[in-house]
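Q: Counting from 1, position 109 in the sequence shown corresponds to residue 127 in the numbering used here; the numbering is continuous, with no gaps. Where a beta carbon is used, it is the ideal one built from N, C-alpha and C, also for glycine.
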Amino acid sequence: ALHSGKYDINKTALVITQTGGGCRASNYIHLLRKALKKAGLQQVPVISANLSFLEKDPGFTITLAMIRKFVAAMVYGDALSLLYNQNEAYEINKGESMAKVEKWIGFLSEQFNRGLGLSLKQQKVLLSKIVKDFASVEIKKAPKVKVGVVGEIYVKYSSLGNNGLEDFLREQDCEVNLPGLMNFALFKVDNRLDDIRLYGGNPFKYFFVNILMNYLLKMQNILIDAIKSEPRYLPPTHYAHTKELVKGVIGYGDKMGEGWLLTAEMLELSEQGYSNIVCAQPFGCLPNHICGKGMIHRIKSIDENSNIVPIDYDPSATRVNQENRIKLMLAVAREKLKNERGE
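1. Using a Cβ-Cβ distance under 8 angstroms, would V165 count as near chain B?
2. Tell me whether the beta-carbon of N306 lies closer than 8 angstroms to the beta-carbon of L280.
3. Measure the CB-CB distance between S247 and V149 and report whether it falls below 8 angstroms.
4. Could you give the distance in angstroms between the alpha-carbon of M231 and the alpha-carbon of Q238?
5. Please report the residue range of the alpha helix (DSSP H) in which Q340 lies.
6. With distances taken from CA atoms, which of N131, L54 and E114 is nearest A90?
7. Using a threshold of 8 angstroms, state whether the C-beta atoms of L136 and V119 are closer than that.
8. What is the DSSP secondary structure of V93, reduced to helix, strand or coil?
9. What are the start and end residues of each continuous beta strand (DSSP E) run of 3 or more residues lying completely inside the segment 107-182, in chain order?
10. In whole angstroms, give me the CA-to-CA distance for L54 and V62.
11. What distance in whole Å lies between the Cβ atoms of R359 and V163, which are believed to be in contact at a cut-off of 8 angstroms?
12. Going by DSSP, what residue range makes up the alpha helix (DSSP H) through P221?
13. Applying the 10 Å Cβ sphere with the 16-neighbour rule, what's the burial state of K206?
14. Quick check: what's the CA-CA separation for I240 versus V165?
15. Assuming the contact rule is C-beta atoms closer than 8 angstroms, S66 and Q104 should be a hit. Round their C-beta distance to whole Å, please.
16. With distances taken between CB atoms, is the gap from D96 to L235 smaller than 8 angstroms?
17. Ends of the beta strand (DSSP E) at L199?
18. DSSP state of V207, grouped into three classes?
19. According to DSSP, E193 sits in a beta bridge with which residue or residues?
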């Protein structure tokens with residue numbers, strides 16, 4: 019984007035979110051600054067957007083208006099991702115669902131630039147329209163292998179970080195389920211509340227963080243209600259239920275990186291019928307290995323149908339080996355699908 023010529027780089031800044039935890043995500047900002055310097059763009063500042071007071075950026079503060087826009091973008095993004103994934107595997111006219119995604123991204127971007135589409139009322143109306151628009155896509159349901167994707171937030175969502183994992187799974191004729199960002203946001207905010215409850219803290223901070231928590235929960239309810247309005251779609255799981263799934267499985271104090279949420283998402287996917295799971299792991303994220311790969315045996319003791327494969331995404335791992343391991347998992351999944359159908 020900075021090399022595109024669309025922006026005055028002397029009047030441009032980059033913003034990156036930071037969770038503030040002891041995981042590699044907190045170091046991305048330093049790598050980004052090094053990359054900008056190497057590209058000759060050292061004059062472009064990189065601003066940290068976080069709730070942990072990691073850095074204080076002069077001239078920049080996170081305002082309520084910004085939070086409102088961030089949350090709205092997350093809600094719309096989760097909706098588009100879910101609707102696309104549940105359509106794409108079965109659509110009759112290939113490419114129709116992606117055209118819908120591009121159409122709505124363009125429309126929502128225009129709305130945001132005009133300060134629209136942000137209120138609860140407007141989001142309800144727009145989400146309803148989005149769901150109905152995607153439901154107009156003709157589909158033909160057929161038995162397919164359903165695959166869920168979990169993992170460290172970067173390699174889970176970034177096609178650059180996971181070597182195009184979603185596209186690869188679609189090429190293998192699978193339906194993909196990628197849990198949205200909303201539960202991750204709720205998880206991080208909930209952790210702040212737990213810290214204050216357990217260790218004490220500023221009561222004013224607790225008050226404002228609790229308001230944010232309730233606001234996010236309200237947004238999640240709006241999203242779920244919109245998806246449920248069309249019976250053919252499987253809505254996201256409520257945060258409270260996702261959290262309940264790991265009770266007695268892993269402690270809520272395990273919150274470094276993706277923490278207990280990673281384990282919860284695997285149980286959630288399995289509960290929803292996506293028992294074939296790819297757990298995307300970066301080499302340098304120990305919390306992910308503990309809460310992801312380290313919990314597979316425990317998850318299988320709860321749900322014997324779970325078919326989970328951890329995949330390491332780091333410079334020393336080859337794409338061929340990664341894809342071959344996924345293909346082995348899919349071979350097991352296809353065999354199970356045949357047995358279920360009595361073939």
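A: On the basis of the supplied data:
1. The question asks about chain B, but that chain is absent: this structure has only one protein chain.
2. What you label residue 306 is simply residue 288 of the sequence shown in a count that begins at 1. What you label residue 280 is simply residue 262 of the sequence shown in a count that begins at 1. Going by C-beta atoms, N306 is nearer than 8 angstroms to L280.
3. Counted from its first residue, the sequence shown places residue 247 at position 229. Counted from its first residue, the sequence shown places residue 149 at position 131. The answer is yes: Cβ separation under 8 angstroms.
4. For the purposes of this step, residue 231 is identified with residue 213 of the sequence shown, where counting begins at 1. For the purposes of this step, residue 238 is identified with residue 220 of the sequence shown, where counting begins at 1. Computed Cα separation, rounded: 11 angstroms.
5. Looking up residue 340 in the sequence shown gives position 322. Run containing Q340: R337 to E358, per the alpha helix (DSSP H) assignment.
6. Sequence index remark: in the sequence shown, residue 90 carries index 72 (1-based). Residue N131 is the option with its Cα nearest to A90.
7. Along the sequence shown, one-based indexing puts residue 136 at 118. Along the sequence shown, one-based indexing puts residue 119 at 101. Going by C-beta atoms, L136 is not nearer than 8 angstroms to V119.
8. Indexing the sequence shown from 1 puts residue 93 at position 75. It is helical.
9. 163-169
10. By 1-based counting over the sequence shown, the position of residue 54 is 36. By 1-based counting over the sequence shown, the position of residue 62 is 44. Their Cα atoms are separated by approximately 7 angstroms.
11. One-based indexing of the sequence shown puts residue 163 at position 145. One-based indexing of the sequence shown puts residue 359 at position 341. Actually they do not touch by this definition, with Cβ atoms about 12 angstroms apart.
12. Here residue 221 is taken as the residue at index 203 of the sequence shown, counted from 1. Looking at the DSSP string, the run of the alpha helix (DSSP H) that includes P221 is P221 to K246.
13. Here the question's residue 206 lines up with position 188 in the sequence shown. So K206 counts as buried.
14. Mapped onto the sequence shown, residue 240 falls at position 222. Mapped onto the sequence shown, residue 165 falls at position 147. Their backbone Cα atoms lie some 26 angstroms apart in a straight line.
15. Reading the sequence shown from its first residue, position 48 is the one you call residue 66. Reading the sequence shown from its first residue, position 86 is the one you call residue 104. The pair is not a contact, with the Cβ atoms about 35 angstroms apart (cut-off 8 angstroms).
16. The residue labelled residue 96 in the question sits at position 78 within the sequence shown. The residue labelled residue 235 in the question sits at position 217 within the sequence shown. At least 8 angstroms separates the beta-carbon of D96 from that of L235.
17. In the sequence shown, residue 199 corresponds to position 181, counting from 1. Neither: L199 is in no beta strand (DSSP E) and is coded neither H nor E.
18. Taking the first residue of the sequence shown as 1, we reach residue 207 at position 189. V207 falls in the helix class under three-state DSSP.
19. By 1-based counting over the sequence shown, the position of residue 193 is 175. Beta-bridge pairing links E193 to K164.
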